[in-house]
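Numbering (this note's numbering), first residue to last: 31 to 220.
See below for the structure under consideration.
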């Protein structure tokens, strides 16, 4: 089984944009270069945009949380409450904006997942003719997932059992490799 990873499972990687490697897996020996180039160019429209903007939101969240923590811990001792008396009125809307942005990114990721799955389905027959079935698997990519899990996205190419590259018998081909004009059923006498 060959795999093309779009996002590997990594806790830190869920906050960043995963790099997309469009090189053909070595196990796909029967897949020609033109088919792979067409397939990967379709994927390049969607796969690199997974988690776009997530790093900015992580940095914003870190700054927001560190500022709030500093004011809560150091505020009474440093007499900062006179200056930041209404800090909760600032941080609550910022927190709401952060979570709205997070949900917007996840929604866009789910839309991109649908487009990647559509691309995989559109190339199913072409990969089947080369001896591979194709599936797009994603795990933990929704809004609310279990704790300590990381999203993952991978395209898997499963070898079709009993596949032979040439599905047409050689007896129906002439010397140049083209099919004979004569109907094979008439040739067999059926």
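We treat Cβ as the ideally placed atom computed from N, Cα and C, and that holds for glycine.
On the criterion of 16 or more Cβ atoms from any shown chain inside 10 Å, does residue i qualify as buried, or is it exposed?
i	result
residue 178	exposed
residue 49	exposed
residue 84	buried
residue 185	buried
residue 187	buried
Cα separation between residue i and residue j?
i	j	result
residue 150	residue 68	12 Å
residue 125	residue 35	33 Å
residue 81	residue 135	7 Å
residue 60	residue 70	16 Å
residue 198	residue 148	Model confidence at residue 198 stands at a pLDDT of 40, short of 50, so the residue's coordinates are unreliable and nothing is read from them.
residue 52	residue 156	18 Å
residue 160	residue 63	12 Å
residue 158	residue 79	28 Å
residue 92	residue 101	14 Å
residue 180	residue 95	22 Å
residue 192	residue 154	17 Å
residue 137	residue 168	14 Å
residue 139	residue 40	16 Å
residue 99	residue 56	50 Å
Starting from residue i, trace the alpha helix (DSSP H) in both directions and tell me its first and last residue.
i	result
residue 69	63-73
residue 157	154-158
Does the Cβ-Cβ distance between residue i and residue j come in under 8 Å?
i	j	result
residue 73	residue 128	no
residue 190	residue 163	yes
residue 66	residue 75	no
residue 176	residue 38	no
residue 131	residue 87	yes
residue 58	residue 77	no
residue 298	residue 133	Nothing about residue 298 can be read from this structure; the chain reaches only from 31 to 220.
Can you tell me where the beta strand (DSSP E) with residue i in it begins and where it stops?
i	result
residue 167	162-169
residue 77	No beta strand (DSSP E) contains residue 77, which DSSP labels as neither H nor E.
residue 180	First-last for residue 180: undefined, no H or E at that position.
residue 32	32-37
Discussion item. Does the structure place the region 119-129 close enough to the region 142-149 that three or more beta carbon pairs sit under 8 Å?
Written reply: no
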